[in-house]
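Down below is the structure, laid out as structure tokens.
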Amino acid sequence: MAKILYGNEVALKIKEDLNLRIDKLKEKNIIPKLAILRMGNKPDDIAYERSIIKSCEKLNIETKVEELNEDILEEDFLKLMESLNNEKEIHGILVFRPYPKHLNENIINSSIALNKDVDCMHPLNLERIFEGDLNGFMPCTPEAVIEILKYYDIDLKGKNIVIINRSMVVGKPLSMMVLSHNATVTICHSRTIDLPSITKKADIVVTAIGKAKLIKEEYFNEDSIVMDVSINIDENGKLCGDVDFENVKEKVGAITPVPKGVGSVTTTLLLKHIVDAAERNS
Numbered sequence: 040m041a042k043i044l045y046g047n048e049v050a051l052k053i054k055e056d057l058n059l060r061i062d063k064l065k066e067k068n069i070i071p072k073l074a075i076l077r078m079g080n081k082p083d084d085i086a087y088e089r090s091i092i093k094s095c096e097k098l099n100i101e102t103k104v105e106e107l108n109e110d111i112l113e114e115d116f117l118k119l120m121e122s123l124n125n126e127k128e129i130h131g132i133l134v135f136r137p138y139p140k141h142l143n144e145n146i147i148n149s150s151i152a153l154n155k156d157v158d159c160m161h162p163l164n165l166e167r168i169f170e171g172d173l174n175g176f177m178p179c180t181p182e183a184v185i186e187i188l189k190y191y192d193i194d195l196k197g198k199n200i201v202i203i204n205r206s207m208v209v210g211k212p213l214s215m216m217v218l219s220h221n222a223t224v225t226i227c228h229s230r231t232i233d234l235p236s237i238t239k240k241a242d243i244v245v246t247a248i249g250k251a252k253l254i255k256e257e258y259f260n261e262d263s264i265v266m267d268v269s270i271n272i273d274e275n276g277k278l279c280g281d282v283d284f285e286n287v288k289e290k291v292g293a294i295t296p297v298p299k300g301v302g303s304v305t306t307t308l309l310l311k312h313i314v315d316a317a318e319r320n321s
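Throughout the sequence shown, residue numbering follows my numbering, covering 40 to 321 in sequence.
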């Protein structure tokens, strides 16, 4: 039976520290506040927005939601962003992705103030990570993977890590972050030939492909550490990851569950970044 790497335990530890830090900010009359920008009314976005707001409320972090039309002009979006950047009470800004096709992703990401970019979307903040500087804001999902490994005393030094994702949201920044921890990294994707032969040789496999229960036991060895980043819906309408958990859990060394895995830490790290920003700007 694999060791189950529960993310909710990691999240709880982070929140305990955040409570103390938020209390200290209150003594200075500072309330951490997040601005959320959502374009359109996609059910997934609305559900994610509600979960963030609920998590913020539990820690007395304020939120401001900007509900925007999907056909918003880029010029109007940038005016709104400038206003939020200049609003002193706003400490963090989160824009939901993917963007409508008519908006230039690089321009949108570059419009976020560097000191309010709590999910590391600005190209300059990402550039720091690619240069090996992990002292600023990191993308929350890749950071969650590393925080879980750290919590369970899994040292990255010298490990062979396979990441099944090449996006700028997860795969590419995570590859640079684990390189900074002296791991050896392989990035795989939808065009990778004979994926199981690659993942089976890895010490740690991180998957974020968004395909429910696609990955079975033949992808792993008995010592594999499996980090399942995706949150999918299976044929029964239940939350699941990319990995067929029931099929795999007896055949690997350790695995994150879905839910109660990487996702719970991702949201908590977003809260941490808001508090970080409030402290830096106080």
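Positions of the beta carbon are idealized from the N, C-alpha and C atoms, including for glycine.
Relative to the C-alpha of residue i, which residue among the options is closest?
i	options	result
E101	K288, N320, I313, R230	I313
I264	I151, I243, Y258	I243
V282	Y45, N271, N275	N271
E13	R319, N320, T307	Nothing in the structure corresponds to residue 13, since the chain is present only between 40 and 321.
E113	N143, C95, K93	N143
G302	I75, L57, S94, K67	S94
D84	V209, G292, L107, D233	L107
K196	G210, C179, N221	N221
R230	I146, R205, K67	R205
A50	E257, K240, R319, C179	C179
N80	E96, N320, E109	E109
A251	E257, N275, I91	N275
I147	I69, M120, R60	M120
G300	E318, R319, V268	V268
K198	V224, F116, A183	V224
L117	E96, K140, I151	I151
E48	N260, D233, A183	A183
Cβ atoms of residue j and residue i: under 7 Å apart, would you say?
i	j	result
M207	P181	no
R89	F135	no
E285	M40	no
L310	L98	yes
S236	I226	no
V304	E186	yes
I168	P212	yes
I203	I248	yes
V287	M266	no
Y191	L44	yes
S321	K72	no
N164	G171	no
May I ask which residues mark the beginning and end of the alpha helix (DSSP H) holding residue i?
i	result
E304	Note that residue 304 corresponds to Val in the displayed sequence, not to Glu. 301 to 319 is the span of the alpha helix (DSSP H), which, as asked, contains V304.
D267	Counting along the chain, D267 falls outside any alpha helix (DSSP H), though it belongs to the beta strand (DSSP E) covering 264 to 267.
E96	82 to 97
N125	113 to 125
I202	Premise fails: I202 lies in the beta strand (DSSP E), 199 to 203, not in any alpha helix (DSSP H).
R167	162 to 169
Our contact map puts residue i next to residue j with C-beta atoms below 8 Å; I'd like the distance itself, whole angstroms only.
i	j	result
N154	A316	6 Å
D273	G292	Contact doesn't hold; Cβ gap of about 24 Å is too wide.
I91	I70	Actually they are not in contact, since the Cβ atoms of I91 and I70 sit about 16 Å apart, beyond 8 Å.
Y258	K239	6 Å
L173	S219	6 Å
Starting from residue i, trace the beta strand (DSSP E) in both directions and tell me its first and last residue.
i	result
R241	The sequence as given places Ala at residue 241; Arg does not occur at that position. Neither: A241 is in no beta strand (DSSP E) and is coded neither H nor E.
I70	Where I70 is concerned, there is no enclosing beta strand (DSSP E), given that its DSSP letter is neither H nor E.
C227	223 to 227
V134	131 to 134
T329	Because the chain is modelled from 40 through 321, residue 329 falls outside the range shown and cannot be assessed.
Verify the contact flag: residue i, CB atom, against every heavy atom of the ligand FMN, threshold strictly below 6 Å.
i	result
D194	The ligand content of the structure shown is nil, which means the ligand FMN is not present either.
Requested in this report: Count the C-beta pairs between the segment 128 to 142 and the segment 150 to 167 that are closer than 8 Å, then say yes if the count reaches three, no if not.
Outcome: Flag = yes, the segment 128 to 142 and the segment 150 to 167 touch.
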